[in-house]
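Position in the sequence shown (first residue = 1) + 1 = the working numbering.
Here's the structure, in C-alpha cells; my notes come after.
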Amino acid sequence: MDRVRTVRDVLLRPTAENELPRLSELTEVVYGVRREPEVLRWLLFHSGPGPEVESSVAERHGRIVGHVASLHCRYRIHGGTVTGAHRMLWMVEHAARGRAGVPLAGRTPDTDFEVVLGGTAATKAMLVMRGFREAGEALEVRLSTAAPGPATTRPTGLELVNFDPAAVGPVAPPDTLVNLAEPDHLTWLAACPEHDGLLFTLERSGEPLGPVLLYVNRANDPPTGRIVHMPWLEDDADLALLALLDRLGREGCAEATILTTEEGLLRATESLGGEVFYRRPLWFRNPNGAVEPARFFLTYMEGDLAYRRV
C-alpha cells in the first residue's frame with residue numbers, strides 16, 4: 002500500500018503523533034464526543050508490544066479533514082491462523098466527505114481479510130463499493146451484575162485467576178473465525194487510560210479455559226463494567242458470565258455490557274436477563290477468497306470498540 006499519495010487535491014499520508022490534538026477536535030466534529038489526545042495516543046501510537054496499527058490522515062489545502070486507521074491481529078480458522086484488519090476512527094469532515102471519504106475508504110491493509118462492525122449509511126455505501134458483504138450481526142447486550150435467571154441457582158465451578166499468557170483453552174469449531182486474543186493485544190487493551198483494565202485467566206477445576214478482560218469505568222456513579230473479552234466455550238457460557246458479572250459486581254458495578262456475534266453466547270446472555278441495546282451489521286471483505294467462515298466469534302477486541310461508551 003502506498004504510504005503517501007494524492008487523489009485530486011487530497012493528500013493521503015501517515016499520521017504524525019503531533020497531530021493528535023487535531024484528530025481529537027475531529028472526533029468531536031464527526032462523532033459529537035471528543036476523544037482526548039491521551040486516548041488517541043494509546044490507540045494509534047502505543048509503545049511496546051501490541052497489535053499493529055496503521056493510521057492515515059487526509060489533508061486538503063494544508064488542513065487535516067479526515068482519518069482512518071486499521072488494527073491488525075491474528076485469528077484462528079480451519080486449524081490455521083490468518084491476519085485480519087478492522088477499520089477504526091474512520092472520520093471525515095462533512096464538507097470534505099465527497100473528496101476525502103472515498104480515498105480514505107480505499108486505503109487497503111495488507112491482510113487476509115477485513116472486518117467492520119457497524120457504520121452509517123454513507124459508510125455502508127463505501128463498504129459495498131469496496132467489496133464488503135454483510136456477513137452477520139454484532140449485538141451489544143446489557144446485563145445486571147445481580148443477573149437473575151435459572152443459571153443463578155447453579156454453582157459456577159469456575160474461577161478467575163491471575164492472567165497466564167501461556168494458558169490455552171478449548172478451540173472453537175474449525176469453521177468459526179475466532180480472534181486469537183494474543184497476550185500482547187490483551188495487555189495493550191488493559192492499559193486503556195480511560196478505564197481500569199482487569200486481566201485474568203478463566204479456569205474450571207484448575208484447567209484453563211482462556212483469557213478474560215474486563216473494564217471498569219469509575220467515572221460513572223455507580224461504576225459501570227464491560228466484558229471486553231471472554232473465551233469461546235462450547236458449554237457453560239452462562240456460568241462463565243456469572244463469574245465475570247460477580248467480579249464486576251465486587252468492583253462496584255451495577256451493570257455490564259458485552260458484545261456477541263455468536264448464537265451460543267447470545268443465548269447465555271438471554272438466560273441471565275440480558276437486554277440487547279445496540280445492533281451492528283458485521284461487514285466482511287475477503288479479497289483473495291482464502292477465509293470463508295461459517296460463523297464468527299468476535300468480541301469487543303475488534304478495532305476500537307472496547308473503550309467506547311463503557
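All C-beta atoms, glycine included, are put in the ideal place defined by N, C-alpha and C.
For E195 and M2, the rounded distance between their alpha carbons: Note that M2 scores 46 on pLDDT, short of 50, meaning its location in the model is unreliable; the coordinates nonetheless yield the value given after this. M2 and E195 have their alpha carbons spaced roughly 33 Å apart.
How should H87 be labelled, buried or exposed, when 16 other C-beta atoms within 10 angstroms of its C-beta is the threshold for buried? With 16 or more Cβ atoms within 10 Å of its Cβ, H87 is classed as buried.
Roughly how many angstroms separate the alpha carbons of S145 and V277, rounded to a whole number? Put simply, the backbone Cα of S145 is about 12 Å away from that of V277.
Since S71 contacts E55 with CB under 8 Å, what's their CB separation in whole angstroms? A Cβ-Cβ distance of about 5 Å is found for the pair S71 and E55, placing them in contact under the 8 Å criterion.
Apart from the five residues on each side of it in sequence, which residues of its chain come closer than 8 Å, Cβ to Cβ, to V142? T258, I259, L260, T261, L267, T270, G275, E276, V277 and F278
Would you check if the distance between the CB atom of L187 and the CB atom of R280 is smaller than 9 Å? no
Could you tell me which of V34, N287 and E303 sits nearest to V229, measuring between CA atoms? It is E303 whose Cα lies nearest to the Cα of V229.
In this structure, how does DSSP classify A192 when only helix, strand and coil are distinguished? coil
Contact under 9 Å by Cβ, Y22 with P38: Note on identity: in this sequence residue 22 is Pro, with Tyr being the wrong assignment. Yes, they are a contact pair.
Host beta strand (DSSP E) of R64 (start-end): R64 to I78
Whole-number beta carbon distance between H68 and T16, since they are thought to touch under 8 Å: 7 Å
Bridge partner(s) assigned by DSSP for H95: Looking at the DSSP assignment, H95 forms no beta bridge with any residue, so it has no partner.
For F133, which residues in the same chain have their Cβ closer than 8 Å to its Cβ, ignoring the five residues on either side in sequence? E115, V117, W284, F285 and R286
Of the residues E138, S57, A136 and T121, which one's Cα is nearest the Cα of P104? S57
Quick check: the Cα distance between A97 and G211, rounded to an integer number of angstroms? 45 Å
Taking E293 as part of the alpha helix (DSSP H), name the residues at either end of that continuous run. Taken as a continuous stretch (DSSP letters only), E293 belongs to no alpha helix (DSSP H), as it is neither H nor E.
Outcome for P151 when other beta-carbon atoms lying within 10 angstroms are tallied against a minimum of 16: With a pLDDT of only 49 at P151, under 50, the local geometry of the prediction cannot be trusted, and the value read off the model is given with reservation. With fewer than 16 other Cβ atoms within 10 Å, it is exposed.
Cβ pair L44, E18 closer than 9 Å: no
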